[in-house]
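Enquirer: Protein chains in written order, with the numbering used here: chain A, 1 to 557; chain B, 1001 to 1470.
This is how it looks when you write it as structure tokens:
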């Protein structure tokens, strides 16, 4: 009973939140027409001048000779191009910062608890497996509407995203969501979409603690799932006289995977990582999808032959650091990798490997289309680049009847631009999701061309140190280029920061003396600026590590 | 006959794998004739002014005035030495991770999953005349992971490295590394069992007891399922399956060890369960129990003169190879180091200095003997007609510190060629200059300095550290 009550409390609190955060426009109008626009249908030829009609959340008509219905709100599309809404095929959008947990309501919100959650992958209740090896975890259970990240993605024309658990080995099951809606139920287009596998070992001291163990653990669990499935079948045939198999949620979640019904997305970037994933997929006859795929072109033949698609990251590697005279030259291999990563998309297209673009958790989502342009400059056909954001992801993720092209009856997700989508000077003017227009922030706030954002200003920094109560300090920063100066004040003492830098991709770093446990200690803050917040880690010499979140409390004078 | 069947079986398995489709498609190695060289056959002495013909990846003929087909490459071997490719019986090259250290028994992990065919150490090893490696799991646990025997086919996909027909193996380890004596006690952290040599023995005995029970459970199930239909099979256990293979003689044990008492312990434990230790690795005190090692039928894979790096490595002498060889132990010299692997020829030569082994005995330490220890002696380890064309051409006697490798062949194909390497360098410098100008490689004006790439230390001395390459 107490549990139910606490769930109710949480539920009503969430409802309240949703109502408050919602920015979708509730209105009776559900019919729109974009007229005189260039329409890139993707499924058919480009319509140079035509009309798209949206009704009841779906595409009602599209063509050169379509006229706007009388009850439609008409948008004059002269000079505009209408694309199917862009799909980002691998994200962590709409997930809480802390790892997803399928049992909301459990646990009270102490600082320490939050910290623990942030460091650990998702946990499933009553699992037979350690955290990180729980395939039954579903992001569907923790999706939250709204938020700055979703808004930033919409601003560049993304209407749909595959959102997957953040960490783990058996990471859990992803969902495809539309990036608008007042509730998870409205957002979810399809769930579960795929099982996700990462190869990062558990860092808990538990097995598997290395990549060696990760492979062994993945194999063993798939073998266990096969036996679980077979045992259930035996039991079903003859429940009388057969010992009942113990139920196991983790193994049960793997049955569709080993039966080849549910696709498995494996995170793999280098040639050998992809080869290993392909080997494991072949060993267990999995329906495999590669995510990342930086060197996928080097195994293009195998990918094409085994019909394995790639969710290709547009988080293109580049040198982020300065050239210091005393630094060793970078290895030739690294120099080659950065250049060749820009050519992967074109080579995959040429080799006939199915692929879709994804943002690859890039720091600044506004670079996404620019990076797609880089792949076009390196040989990818523009039409293929459009497909890799629309029809190809819809096919790979199994929603080709609902999304990915401008066709009658499909979900009315549309991205409207002035100028070609990948043109340097193009601008997203309108975005429709589920047939409704979405408010777009002015481009300066985070759209293309926003460029470097300054961290100058006054920040309230909330610091969580393991095993200690939260502390709040004030941080003042002045940024000039990548140089950073400033000071702190508050319960941890006052002093100037040193060794400080802020990169134009938003990485912030500084060192400062703090008073902890009656001693003066050196604290190093490393974090990242995103959406007007800096989040990151604090390392204090001789103390347990912690995390911090800085929110802006004042603009620079 | 049995071997043929198992090879056929292996082939049947291999050909179903997609990786190996590529191997089948590769054109046969070009024919090569090495003329008028000094040939160190290892099995039949040194042959002066002799030709060696490599055809279809095999050593096709050895003799004087051999004929080759018109399109064969002819190498003038005058003044050069031809030696079998060196076999390193203890290597961790090309492994992205070498230790799963969380458990005391990790027989479920496989080094084969970790292969990095682009590891530059492989190229350096080819340049030292090495052609075959025994890739072992680290020594963090009494029973470690499964090994992989590879031919160094640098530049090819990982699947093409696998040595066809090599006996499967596993790493065991005894002593300080597995009882974690170098790991400080930390408050609040439970130390992994075992903490003593007694515990190490118990862990291994327990594992084999479980393996025996496991085998029995499966045997009983197979028997019972003939009569009864609705039986649920026992759980397949990837940890115990390799141990069952050891009990059945289908998997070689390569046991890391140092001191005499633990060597005797493992021999008696193996006798108790009825299996054999194929090699003792490092085995610095092997000279003390050489007769017992020989009687068990085990080999020894050692360092020439590396010792004193920890307490259990103090009681070592440089005569280890000679004493064990004379006691009838099959001895090899290994590197356990990406650096030492480049000069195993010199490690072998040291056994002539310390202990007066003959040149042929010393050569065997890095060729035929490790081949025997890995169950590949029918394929490699000497220059004999019909063996794989895995050879190196040296510009002087390989036991001279002034000698170096000109060309290294694996399966008749050139994988290292000193002249070509030198010729390529200006081209690489040009490529670097161009790449550094490319947009994603241009440095930013400010910011943190570039990180030097994190690498596994090359001198790991069978360390039990958990280090991963980036």
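All C-beta atoms, glycine included, are put in the ideal place defined by N, C-alpha and C.
Bear in mind that the values here come from a model prediction, so they are computed numbers and not experimental data.
If the criterion is Cβ atoms closer than 8 Å, does the pair residue 1416 of chain B and residue 1126 of chain B meet it?
Expert: Yes, the Cβ-Cβ distance between residue 1416 of chain B and residue 1126 of chain B is below 8 Å.
Enquirer: Answer with buried or exposed for residue 1314 of chain B, where buried requires no fewer than 16 other C-beta atoms within 10 angstroms of its C-beta.
Expert: Looking at its Cβ environment, which holds fewer than 16 other Cβ atoms inside 10 Å, residue 1314 of chain B is exposed.
Enquirer: Output needed for residue 1366 of chain B: all residues of its chain with C-beta closer than 6 Å, excluding positions within five of it in sequence on either side, in chain order.
Expert: Once the five neighbours on either side are set aside, the close Cβ partners of residue 1366 of chain B are 1086, 1333, 1344 and 1348.
Enquirer: In whole angstroms, give me the CA-to-CA distance for residue 1115 of chain B and residue 1287 of chain B.
Expert: Their backbone Cα atoms lie some 34 Å apart in a straight line.
Enquirer: Identify, in the order they occur along the chain, each residue of the same chain with its Cβ nearer than 7 Å to the Cβ of residue 533 of chain A, setting aside the five sequence neighbours on each side.
Expert: Counting only Cβ-Cβ distances below 7 Å, and skipping sequence neighbours, we find 549, 550 and 551.
Enquirer: Per DSSP, what are the beta-bridge partners of residue 266 of chain A in this structure?
Expert: A:197 and A:290, per the DSSP bridge assignment.
Enquirer: Look up residue 1374 of chain B in the DSSP assignment and say whether it is helix, strand or coil.
Expert: Here residue 1374 of chain B sits in helix by DSSP.
Enquirer: May I ask you to list the residues that DSSP assigns as paired with residue 1170 of chain B?
Expert: B:1146 and B:1253.
Enquirer: Are any of the Cβ atoms in chain A nearer than 8 Å to that of residue 1413 of chain B?
Expert: Judged by the 8 Å Cβ criterion, residue 1413 of chain B is not in contact with chain A.
Enquirer: DSSP three-state label for residue 1039 of chain B, please.
Expert: Strand.
Enquirer: Answer with buried or exposed for residue 309 of chain A, where buried requires no fewer than 16 other C-beta atoms within 10 angstroms of its C-beta.
Expert: When all chains shown are included, residue 309 of chain A counts as buried.
Enquirer: Give a yes or no on contact between the stretch 1359-1379 of chain B and the stretch 1403-1422 of chain B, applying the rule of three or more CB pairs nearer than 8 Å.
Expert: Too few Cβ pairs lie closer than 8 Å, so no.
Enquirer: Assign residue 1198 of chain B to buried or exposed, taking buried as 16 or more other Cβ atoms, counted over all protein chains shown, within 10 Å of its Cβ.
Expert: Exposed, since its Cβ has fewer than 16 Cβ neighbours within 10 Å.
Enquirer: Using a Cβ cut-off of 9 Å, pull out every chain B residue sitting near residue 224 of chain A, in sequence order please.
Expert: What residue 224 of chain A touches in chain B: 1235 and 1236.
Enquirer: Kindly indicate which residue of B:1228, B:1224, B:1308 and B:1336 has the alpha-carbon position closest to the one of residue 1256 of chain B.
Expert: The shortest C-alpha separation from residue 1256 of chain B is found at B:1336.
Enquirer: When you measure from the CB of residue 352 of chain A to every non-hydrogen atom of the ligand SAM, does any distance come out below 7 Å?
Expert: Judged by which ligands are present, the structure shown has none, so any question about the ligand SAM falls away.
Enquirer: Please classify residue 239 of chain A as buried or exposed, where buried requires at least 16 neighbouring CB atoms within 10 angstroms.
Expert: Label assigned to residue 239 of chain A: exposed.
Enquirer: Report yes if the CB atom of residue 1074 of chain B is closer than 8 Å to the CB atom of residue 1035 of chain B, and no otherwise.
Expert: Yes, these two residues count as a Cβ contact at 8 Å.
Enquirer: Please list, in chain order, all residues of the same chain as residue 68 of chain A whose beta carbon is under 8 Å from its beta carbon, the five residues on each side excluded.
Expert: So the qualifying residues of the chain are 33, 35, 51, 53 and 74.
Enquirer: Just how far apart, CA to CA, sit residue 1150 of chain B and residue 1096 of chain B?
Expert: Straight-line Cα distance between these residues: approximately 15 Å.
Enquirer: Anything in chain A within Cβ reach of residue 1283 of chain B, meaning under 9 Å, just list it in chain order.
Expert: What residue 1283 of chain B touches in chain A: nothing, since even the nearest Cβ is about 25 Å away.
Enquirer: Between the Cα of residue 1101 of chain B and the Cα atoms of B:1131, B:1183, B:1091 and B:1046, which residue gives the shortest distance?
Expert: Selected option, being the one with the closest Cα: B:1183.
Enquirer: Measure the C-alpha to C-alpha separation of residue 344 of chain A and residue 336 of chain A and round it to an integer number of angstroms.
Expert: When rounded, the distance between both Cα atoms is 12 Å.
Enquirer: Return the CA-CA distance between residue 1090 of chain B and residue 1147 of chain B, expressed in angstroms with no decimal places.
Expert: When rounded, the distance between both Cα atoms is 10 Å.
Enquirer: With a threshold of 7 Å on Cβ separation, who are the neighbours of residue 562 of chain A within its own chain once the five nearest residues in sequence on each side are excluded?
Expert: Because residue 562 of chain A is not part of the residues shown, which for chain A are 1 to 557, the question remains open.
Enquirer: Taking a cut of 9 Å between CB atoms, which residues from the stretch 1238-1259 of chain B lie near chain A?
Expert: Cβ contacts with chain A: 1238 and 1239.
Enquirer: Closer than 7 Å by beta-carbon distance: list the chain B residues that pair up with residue 275 of chain A, in chain order.
Expert: Within 7 Å Cβ-Cβ: 1157 and 1158.
Enquirer: Can you pull the chain B neighbours of residue 528 of chain A, defined as C-beta to C-beta under 9 Å?
Expert: By Cβ distance, chain B contributes nothing, its closest Cβ being about 14 Å from residue 528 of chain A, past 9 Å.
Enquirer: Please determine if the stretch 162-176 of chain A and the stretch 200-217 of chain A are in contact, where contact requires at least 3 C-beta pairs separated by less than 8 Å.
Expert: Contact between the stretch 162-176 of chain A and the stretch 200-217 of chain A is present, because at least three Cβ pairs lie under 8 Å.
Enquirer: Considering only residues of the same chain and omitting the five flanking positions on each side of residue 565 of chain A, which have a CB-CB separation below 6 Å?
Expert: Residue coverage of chain A in this structure runs from 1 to 557, which leaves residue 565 of chain A outside it and unanswerable.
Enquirer: So the beta strand (DSSP E) residue 536 of chain A belongs to, where does it begin and stop?
Expert: First-last of the beta strand (DSSP E) with residue 536 of chain A: 533-540.
Enquirer: Report buried or exposed for residue 1341 of chain B, applying the criterion of at least 16 other Cβ atoms within 10 angstroms of its Cβ.
Expert: Classification for residue 1341 of chain B: buried.
Enquirer: If you measure from the beta carbon of residue 495 of chain A to each beta carbon in chain B, is any gap under 8 Å?
Expert: For residue 495 of chain A, the answer is no, since every Cβ of chain B falls outside 8 Å of its Cβ.
Enquirer: Tell me whether residue 1307 of chain B sits in a helix, a strand or coil according to DSSP, three-state version.
Expert: Coil.
Enquirer: What distance in whole Å lies between the Cβ atoms of residue 458 of chain A and residue 553 of chain A, which are believed to be in contact at a cut-off of 8 Å?
Expert: Yes, residue 553 of chain A and residue 458 of chain A are in contact; Cβ-Cβ is about 5 Å, under 8 Å.
Enquirer: Looking at the unbroken alpha helix (DSSP H) that takes in residue 373 of chain A, where does it start and where does it end?
Expert: Residues 368-377.
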